[in-house]
Amino acid sequence: DTGVSQDPRHKITKRGQNVTFRCDPISEHNRLYWYRQTLGQGPEFLTYFQNEAQLEKSRLLSDRFSAERPKGSFSTLEIQRTEQGDSAMYLCASSSQQDSLSYNEQFFGPGTRLTVL
Amino acid sequence: LAKTTQPISMDSYEGQEVNITCSHNNIATNDYITWYQQFPSQGPRFIIQGYKTKVTNEVASLFIPADRKSSTLSLPRVSLSDTAVYYCLVGEDSSYKLIFGSGTRLLVRP
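Going line by line, the protein sequences match chains A and B. Quick note on numbering: the first sequence equals residues 1 to 117 in our numbering. Quick note on numbering: the second sequence equals residues 1001 to 1110 in our numbering.
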């Protein structure tokens, strides 16, 4: 257990439905990341928050995807009008902004596995 | 961002030393080399990071030659629980964005 939790762990939905995932990072971490991982591939970066500010979004994140971190603590990732191609593991990670001499290690949660039927 | 190349899979037996080599020919001066481990149905976990020469911690060693165009992750005396996917990443130490390749699937047999 890394201290990063994600909910739900599994989600099955029908194509066209909206889904929302939640991530609770390690409490003192100000940086939060979302990644997506499909079978046999490494995780792909989706978006990054520093505190409540969303500083970068990948081109992989279409308009159907939105992420928030309203109070700089937990984050939500919403997918609207899901498609079968959205089926994947959605991983959340967090880290703390440290000085330049230490590594910005990211701590990953267990992921939410989404299946779109 | 430098691209990395590593073997798709490796097999080993319990108690053996395992060396996984990663190629990163276009590594930049400011880039560090980082390895993550991922078990099935879990998120990746940081193993080790280095810039040059050799780095050792309680779970692994990382060997980086002078030209830094490759690196080798060494796992001493592997056990069944070391069966996992190992990812080699290259990027600036301050980078917030981890770029994962496909990784190396290590299978440790009894």
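Virtual Cβ for every residue (Gly too), placed ideally from N, Cα, C.
If we count the other Cβ atoms within 10 Å of its Cβ and call it buried at 16 or more, is residue i buried or exposed?
i        : result
P1044(B) : buried
I1020(B) : buried
P1040(B) : exposed
T1004(B) : buried
L101(A)  : Low local confidence applies: a pLDDT of 49 at L101(A) is under 50, so the model's placement there is unreliable, with the coordinate-based value given in what follows. Counting Cβ neighbours within 10 Å, L101(A) comes out exposed, since fewer than 16 surround it.
Y1013(B) : exposed
A93(A)   : buried
A1084(B) : buried
Alpha carbons only, please: which of the options is nearest the one belonging to residue i?
i        : options                                   : result
E1058(B) : V1085(B), K1097(B), F1046(B) and Q1042(B) : F1046(B)
M89(A)   : F74(A), R81(A) and F108(A)                : F108(A)
T47(A)   : Q106(A), L60(A) and T38(A)                : L60(A)
E52(A)   : G40(A), Y33(A), E68(A) and D63(A)         : E68(A)
S66(A)   : F74(A), G72(A), S73(A) and K57(A)         : K57(A)
D63(A)   : Q106(A), G3(A) and Q80(A)                 : Q80(A)
Y35(A)   : Q17(A), E44(A) and S96(A)                 : E44(A)
Y1036(B) : A1066(B), N1030(B), G1050(B) and E1014(B) : G1050(B)
F1063(B) : C1088(B), G1101(B) and G1103(B)           : C1088(B)
Y1032(B) : T1104(B), G1103(B), R1109(B) and G1091(B) : G1091(B)
T1034(B) : V1078(B), N1025(B), L1098(B) and S1102(B) : L1098(B)
Q54(A)   : F74(A), G42(A), Q84(A) and G16(A)         : F74(A)
Reducing DSSP to helix, strand and coil, say where residue i ends up.
i        : result
S27(A)   : coil
L91(A)   : strand
L1098(B) : coil
D1011(B) : strand
L1073(B) : strand
D142(A)  : Nothing about residue 142(A) can be reported from this structure: the residues present for chain A run from 1 to 117 only.
D1082(B) : helix
G85(A)   : helix
S96(A)   : coil
Y1051(B) : coil
G72(A)   : coil
H10(A)   : strand
L60(A)   : coil
T20(A)   : strand
E52(A)   : coil
A1060(B) : coil
T1021(B) : strand
I1027(B) : coil
E105(A)  : coil
S1041(B) : coil
Selection of the stretch 32 to 53 of chain A by Cβ proximity to chain B, strictly under 9 Å:
Listed in sequence order: Y33, Y35, Q37, G40, Q41, G42, P43, E44, F45, Y48 and Q50.
Mind checking the stretch 1044 to 1065 of chain B against chain A and listing, in chain order, the residues whose C-beta falls within less than 8 Å of any C-beta there?
Residues P1044, R1045, F1046 and Q1049.
Name, going along the chain, the residues of the stretch 68 to 87 of chain A whose beta-carbon falls closer than 7 Å to a beta-carbon of chain B.
Taking 7 Å as the Cβ-Cβ cut-off against chain B, none of the residues of the stretch 68 to 87 of chain A qualify.
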